[in-house]
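In full-length UniProt numbering, the protein residues as written are 1 to 327.
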């Protein structure tokens, strides 16, 4: 009986130890959940910090865009616009990532014409269905992107927005990379230059599907895209400015042609004066010839009169001689 009691006591101790072990495991599970929640919270904080950095960078970009808008206004002032345009290189150096974009805007006239022919670009935009499929990959992302979907639909239907987005696709790739975006923007100069080269620009646009997939990577990227949309509007205004510059260039050419025409007219008037002077000189020469003819006739008449006088004198002498002979 004592052994049975001892065994019963040991069994109770074992059960007690098992209960404590279960409690320890439960506490361990709760601790793991807490750690997982803490890791998620840390990731959220990290994402928030990245978002704040992106917003700060966006503010700097907006300041640079404001400077760009002021530059555009000065360029729109007729003749002064042309002078400002030639001096624009020094002003461009003071701007941030917009420097390269502004340089390429001087070449955008041909690029805008090419974009007007951009049937292939529109086909690429029609492939946005794949982008929408990637949106379904995360419920939390979709909750934050509800208002962004309307923006994307607006971008799909906005012809002017699409034209500017075609220029900004490579820029958007760098914007979604957070802190590294600003570093990689320093390399965008060559990318923007290749966009101005027609066929190469269209090939880059066909690669937009991959860019659109990367747009699904987070809420911070979409906010950056919203800032990019405002930058795109500035680019559209720049396109209008370029058209105004083209009209100004045409006006300057017309003025130059007008000046050449005025010079030609002045030359024509001088030529007419010379012709009139030549005609007057010819009339004077003809009048002089008539005078010379009259003088020659007068000289001949004088010779005839002198000859007549000589004949008269000879006749008088003959009469006198006859009288003398008769006498």
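Beta carbons are placed, not taken as given, at the ideal position from N, Cα and C, and that holds for glycine.
Just so you know, these numbers come straight off a predicted model, no measurement behind them.
{"Item": "Backbone CA spacing between residue 292 and residue 285 [nearest angstrom]", "Value": "10 angstroms"}
{"Item": "Residue burial classification, residue 108 (beta-carbon count within 10 angstroms, cutoff 16)", "Value": "buried"}
{"Item": "Exposure label - residue 56; buried when at least 16 CB within 10 Å", "Value": "exposed"}
{"Item": "Helix, strand or coil at residue 328 according to DSSP, with G and I counted as helix", "Value": "Since the first residue shown for the chain is 1 and the last is 327, residue 328 is missing from the structure and cannot be characterised."}
{"Item": "Among 256, 69, 157, the one whose alpha carbon lies nearest that of residue 240", "Value": "69"}
{"Item": "Counted within 10 angstroms of its Cβ, other Cβ atoms place residue 235 as buried (16 or more) or exposed", "Value": "buried"}
{"Item": "Beta-carbon proximity of residue 58 to residue 227, cut-off 7 angstroms", "Value": "yes"}
{"Item": "Spatial distance of residue 32 from residue 50 (CA atoms)", "Value": "27 angstroms"}
{"Item": "Residue 231 and residue 65 closer than 7 angstroms at C-beta", "Value": "yes"}
{"Item": "Assigned exposure category for residue 163 - 16 Cβ within 10 Å defines buried", "Value": "buried"}
{"Item": "Buried or exposed by the 16-neighbour rule on C-beta atoms within 10 Å, applied to residue 319", "Value": "exposed"}
{"Item": "Spatial neighbours of residue 242 in its chain, beta-carbon cut-off 6 angstroms, leaving aside the 5 residues before and after", "Value": "108, 109"}
{"Item": "Contact belief for residue 54 with residue 223 at Cβ below 8 angstroms, rounded distance in angstroms", "Value": "7 angstroms"}
{"Item": "Residue burial classification, residue 114 (beta-carbon count within 10 angstroms, cutoff 16)", "Value": "buried"}
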